[in-house]
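Basically the working numbering = 1-based index in the sequence shown + 310.
Glycine is no exception: its CB is placed at the ideal position from the N, C-alpha and C atoms.
This structure is a prediction, so every number in the text was calculated from the model and none was measured.
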Amino acid sequence: MNVIPMAGPYRYTHAGTEVFHLPLARPWTWALTHHGMWSVFVHDVEPARQGVPERRHPLHPPPEVLGSWLAIYATRDYDAGAVAWLRKAHDLEAPAGDVLPAGAYVAMARLAEVSTVGNDSRCASDPWWWHRGAPCRGTVAWWLEEVMVFEPLVAAPAPRLSRVDRELLPELRERVRLARDGVWHPEAYAVPAALPAISPEPVVPPAAPVPLPTTPAAPPPRQELPADNSPVAPMGAVEQLGLFGEPPPRLVHAIARENPAPTPAPPPPALPPPDGPSSLEEGAARIRALLGDGAWHDMTALLGAAGQDEAGRTLLYRVTCPAGAATLLVHQVPVILRGDGQGGCWYASPGTPAYVHAEATHP
């Protein structure tokens, strides 16, 4: 507690480049991606034991995480308390658990600020912290900025605030770029149908009491059904089981010879081979052939040259390697990357005329 500033919210002073894994239960992820929620509350739960109820411990983020990127991961847990809170605070009906994506990354955001109930006056007025008519969500708020919602990327669970797998970072950056450029738009999820209003049943006044008869009523006459003495058809063969014998053999009807045997269905047509190279060596050969002209090529050209594997994943990030790397695998091609700071980037081979000209023009 001595290292936590109590005078007010503390913001990041340096924008980090690391990407950390932050799991978040549904439907809180839906509130973040579709309804502008900008604060999260992270806590540990101490299970109840004899004589001690369940307790929740709010958490402060480590200093190295403040200012860095958080990859919001939608877990498979579904918080029923969040459904009630969203309905009471914002009049929102959260989609069901089988509708929202689970086990996938759904958004990227920067952890910009952290505050507590005691050092932030927003706790009583912020609609996502302590709304009128709804309970307070927590005592330590993590404020998010630069939130970017992208196409869900299915991934395995990971420890909270661990660094995201390096193999997933290129795909995460690509999906963030597609969402930022407007190529992909967030999907609208269906919400449960509203329950019909129940109208009160009309009150029927009680009927007047019927006076009891003084003499008991006579019972109705008994009606006898006519007897059927017609003979009964003989009973068929009785199947004996258990101690009384084995079951008789079942009759097998012979197949007429004039009926030909059924013709087997033709096998389904074979699937066409996947487009692009199917191995890392072929992808590397295509990249070398493209960069052999000595000019700069954009990412679209390199993605098409590298191709995809049988699973549909691009091979660009696996067959290229930054120039000057200590170790270079057989299927890797050294490249030079140049960007314009607006999301565009171009590739060239080290030592080519285009690279030498660029180095001489912009030392």
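Item to check | G407 vs Y383 beta-carbon contact at 9 Å | outcome: no
Checklist entry - Helix or strand or just coil, what does DSSP make of Y627? => result helix
Checklist entry - Of all the options R487, F460, A658 and L376, which has the alpha carbon lying nearest to the alpha carbon of G651? => result R487
Next on the checklist: Nearest by alpha-carbon distance to R255: which of M458, Y320 and P333 is it?
Outcome noted: Residue 255 lies beyond the residue range present for the chain, which begins at 311 and ends at 673; the question has no answer from this structure.
Checklist entry - Considering only residues of the region 337-421, which uninterrupted alpha helix (DSSP H) runs meet the minimum length of 4 residues and lie entirely inside it, listed in chain order? => result 338-344 and 390-400
Checklist entry - Looking only at its own chain, which residues have a Cβ that is under 6 Å from the Cβ of S659, when we skip the five neighbours before and after it? => result L601
Next on the checklist: If I measure Cβ to Cβ from S435 and keep anything under 8 Å in the same chain, skipping five residues before and after, which residues do I get?
Outcome noted: none
Checklist entry - Would the beta-carbon of V457 fall within 9 Å of that of W338? => result no
Next on the checklist: With a threshold of 8 Å on Cβ separation, who are the neighbours of P691 within its own chain once the five nearest residues in sequence on each side are excluded?
Outcome noted: In the structure as shown, the chain starts at 311 and stops at 673, and residue 691 therefore has no counterpart that could be examined.
Checklist entry - Contact check, P469 vs V416 under 8 Å by CB: the rounded distance? => result No, P469 and V416 are not in contact; Cβ-Cβ is about 19 Å, not under 8 Å.
Item to check | Cβ-based neighbour list, L482, same chain, cut-off 6 Å, excluding 5 preceding and 5 following | outcome: Cβ within range, chain order: n/a, list empty.
Item to check | Pairwise C-alpha distance: R365 and T624 | outcome: 46 Å
Checklist entry - Roughly how far, in whole angstroms, is the beta-carbon of G326 from the beta-carbon of S378, given that I think they are within contact range, below 8 Å? => result The C-beta distance from G326 to S378 rounds to 3 Å, short enough to meet the 8 Å contact threshold.
Checklist entry - In chain order, what residues of the same chain lie with their CB nearer than 7 Å to the CB of G492, ignoring the 5 residues before and after it? => result Cβ neighbours of G492 beyond the five flanking positions: none.
Checklist entry - In chain order, what residues of the same chain lie with their CB nearer than 6 Å to the CB of G391, ignoring the 5 residues before and after it? => result none
Next on the checklist: Using 9 Å as the threshold, is the C-beta distance between V352 and V450 below it?
Outcome noted: yes
Next on the checklist: Determine whether the beta carbon atoms of D645 and T630 lie at a separation below 9 Å.
Outcome noted: A quick correction: the sequence has Val, not Asp, at residue 645. The Cβ-Cβ distance between V645 and T630 falls below 9 Å.
Next on the checklist: Using a Cβ-Cβ cutoff of less than 7 Å, which residues in the same chain neighbour P411 once the five nearest sequence positions on both sides are dropped?
Outcome noted: A384 and P462
Checklist entry - Taking buried to mean at least 16 other C-beta atoms within 10 Å of its own C-beta, is G653 buried or exposed? => result Exposed, since its Cβ has fewer than 16 Cβ neighbours within 10 Å.
Next on the checklist: What residue range does the alpha helix (DSSP H) around L600 cover?
Outcome noted: L590 to L601
Next on the checklist: For P319 and E423, which I take to be in contact (beta-carbon distance under 8 Å), what is that distance rounded to the nearest angstrom?
Outcome noted: 5 Å
Checklist entry - If you check the beta carbons only, do L380 and F330 fall under 9 Å apart? => result yes
Checklist entry - Is it true that the CB of G617 sits closer than 9 Å to the CB of R648? => result No.
Item to check | Run of the beta strand (DSSP E) containing L454, from where it starts to where it stops | outcome: V450 to V464
Item to check | Classification of A594 by the beta-carbon crowding that lies within 10 angstroms, buried from 16 upward | outcome: So A594 counts as buried.
Checklist entry - What residues in its chain sit with their C-beta under 6 Å from that of V474, if we drop five residues either side in the sequence? => result V329, H331 and A381
Next on the checklist: Excluding the 5 residues flanking D354 on each side, which residues of the same chain have their C-beta closer than 7 Å to its C-beta?
Outcome noted: H367 and L369
Item to check | Distance CB(P674)-CB(A489) smaller than 9 Å | outcome: Lying before the first or after the last residue shown, residue 674 is absent from the chain, which here runs from 311 to 673.
Next on the checklist: Please identify the residue among W440, Y657 and V409 whose C-alpha is closest to the C-alpha of A498.
Outcome noted: V409
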